[in-house]
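Take a look at the structure below.
Chains as they are written, first to last, in the working numbering: chain H, 4 to 413; chain S, -2 to 76.
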């Protein structure tokens, strides 16, 4: 597994900072946001690798960097960590052909498209880089990872806005179940913290603007003072493997994907339906495919974006758990890293697996005054040590798309 | 070495991320300097930009080595 996020570089570095209640949110540093309504975001910290920061040239050769948008850079960083961590380096042609890649993104190369548009607008179309298109295309993270490692199996991608990361991992696990591959590198990558991205989500009234002076307080899922999400950037990548295949080679196994459910709202382009019934059906489908009782689930990593929709998700989770609601912990790790859009579901699925590994529920930062009371413990402020055998992670996207994934320790 | 040759060499080093010593007049962009077809398109664009010349596609296709590029640009500049 591999993560690069506003909390930094690397799986364990991210996890330990998350558990310690640290925040990766700050004032936007990569450009001057003064003219925009929202001034805060979660950006991957630049700096030395050994300090848990990103030095891109350590991961992507300088001459190749300009051929890819930043979301591909970040995807490659996390994929490299994940593949190295998995120890899977197929040497035979057959093994390479049985190894695929499915990495999604919600937005893709937005800054690249912006820059190219200006070039064309200025009448310099003939000066447009030949790398413009492959730099912006969403499936090119999968393409670059396959080229780097020689993975010749299914090469696929997912674009379902903020559900992309969970859909990629869930669909990739299905490809393994269907026999299309033995190993799939899967996850999501996003880098839309740029003027066009911030302006666009601001126009949709989706971003927090009330905490520009106190960035770390801006992402506050379920809190009564929340006023929109905080955009984050990064990538989360896992290496999925057919169980017997992994066991036979003595692989390090973090956990098992046991359930996956999907649904559509058929309601509105950006707002969830009443009671988040689409989310309820996605969770229900995931529980059914896992063949477990909901009471077996010890931790829920919520979509929880710090918007009005938080309470609707809460209603759906309460409905799902019924009498078992008081037994489960649910938190939103977006409170610490912001909303990584198409990478969110992948990073959060990884956090869910680590929650099982360490029997720790990561905290929901800034949950000072819940807008709605609930029997569900939302792990305010501090991580909680508790027994977690099975975890569920939710992701919902614009267009009314919902995905839930259930993981278990091995 | 001419000013043009110097500048061409610098552009090649920068765009292909190769060591300066490898950028000899005879070096082929694709065979010796690790460029692919898209890299060469970008290189030609960089030459056009840096020297304010137009390099039509049929001429660009014939520029395979560092010397080809220098010769073409020198000819254009002399004309």
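A virtual CB, placed ideally from N, CA and C, is assigned to each residue, including glycine.
At a Cβ-Cβ threshold of 8 Å, residue 363 (chain H) and residue 387 (chain H) count as neighbours. The beta carbon of residue 134 (chain H) falls within 8 Å of a beta carbon belonging to chain S, placing the residue at that interface. The three-state reading of DSSP puts residue 234 (chain H) in strand, counting E and B together.
Boundaries for residue 16 (chain S): no alpha helix (DSSP H) harbours it, and the DSSP string shows neither H nor E there. In its chain, beyond the 5 residues on either side, 105, 187, 189 and 243 have a beta carbon closer than 6 Å to the beta carbon of residue 175 (chain H). Those residues of the stretch 8 to 32 of chain S placed with their C-beta closer than 9 Å to a C-beta in chain H are 11, 12, 13, 14, 15 and 31, ordered along the chain. DSSP places residue 286 (chain H) inside the alpha helix (DSSP H), whose first and last residues are 280 to 293.
Annotation: residue 318 (chain H) to residue 397 (chain H) spans about 14 Å, alpha carbon to alpha carbon. As computed with DSSP, residue 302 (chain H) is found in a beta bridge with H:332 and H:394. Chain H places a beta carbon closer than 8 Å to that of residue 46 (chain S), counting this residue as a contact. At least 8 Å separates the beta-carbon of residue 85 (chain H) from that of residue 112 (chain H). As computed with DSSP, residue 159 (chain H) is found in a beta bridge with H:105. Between the stretch 162 to 171 of chain H and the stretch 76 to 90 of chain H, the count of C-beta pairs closer than 8 Å stays below three; the two stretches do not touch.
For residue 50 (chain S), no chain H residue has a Cβ inside 9 Å of its Cβ, as the nearest lies near 13 Å away.
Residue nearest to residue 272 (chain H) within the set H:209, H:248, H:374 and H:291 is H:209 (criterion: CA-CA distance). Distance from the CA of residue 145 (chain H) to the CA of residue 151 (chain H), rounded to the nearest whole angstrom, comes to 10 Å. Close CB contacts of residue 18 (chain H) within its chain, under the 6 Å cut and outside five residues either way in sequence, are with 357 (chain order). Among the residues of the stretch 60 to 77 of chain H, those with a Cβ less than 7 Å away from any Cβ of chain S are 64, 65 and 66, in the order of the chain. Just so you know, the alpha carbons of residue 307 (chain H) and residue 400 (chain H) end up roughly 12 Å apart.
Rounded to the nearest angstrom, the gap between the Cα atoms of residue 68 (chain H) and residue 76 (chain H) is 7 Å. Every alpha helix (DSSP H) stretch that sits fully inside the stretch 11 to 70 of chain S and reaches 4 residues is listed by chain position as 34 to 48 and 54 to 58. For residue 405 (chain H), the enclosing beta strand (DSSP E) starts and ends at 404 to 411. At a cut-off of 8 Å between C-beta atoms, residue 38 (chain S) counts as an interface residue with respect to chain H. Note: residue 273 (chain H) is not bridge-paired with any residue in the DSSP secondary-structure output. Between residue 24 (chain S) and residue 67 (chain S), the beta carbon gap of about 11 Å keeps them out of contact (Cβ cut-off 8 Å).
Put simply, the stretch 368 to 380 of chain H touches the stretch 310 to 330 of chain H. At least three CB pairs are less than 8 Å apart. For chain S, the residues of the stretch 120 to 145 of chain H that bring a beta carbon within less than 7 Å of one of its beta carbons are 130, 132, 133 and 134, in chain order. Closest option to residue 343 (chain H), judged by alpha-carbon separation, among H:135, H:191, H:64 and H:361: H:191.
The Cβ atoms of residue 171 (chain H) and residue 107 (chain H) sit closer than 8 Å to each other.
Looking at the backbone, the Cα of residue 47 (chain H) and that of residue 413 (chain H) are separated by about 31 Å. With respect to residue 28 (chain H), residue 348 (chain H) sits apart: the two C-beta atoms are not nearer than 8 Å. Taking the Cα of residue 359 (chain H) as reference, the smallest distance to any Cα among H:304, H:328 and H:78 is reached at H:304.
Just so you know, the alpha carbons of residue 353 (chain H) and residue 410 (chain H) end up roughly 9 Å apart. About 12 Å separates the beta carbons of residue 218 (chain H) and residue 338 (chain H), which is beyond the 8 Å limit, so they are not a contact pair. Burial is judged here by how many other beta carbons sit within 10 angstroms of a residue's own beta carbon; residue 246 (chain H) has fewer than 16 and is exposed. Exclusion of the five residues before and after residue 22 (chain S) leaves 63 and 64 as the residues of its chain whose Cβ lies within less than 6 Å of its Cβ.
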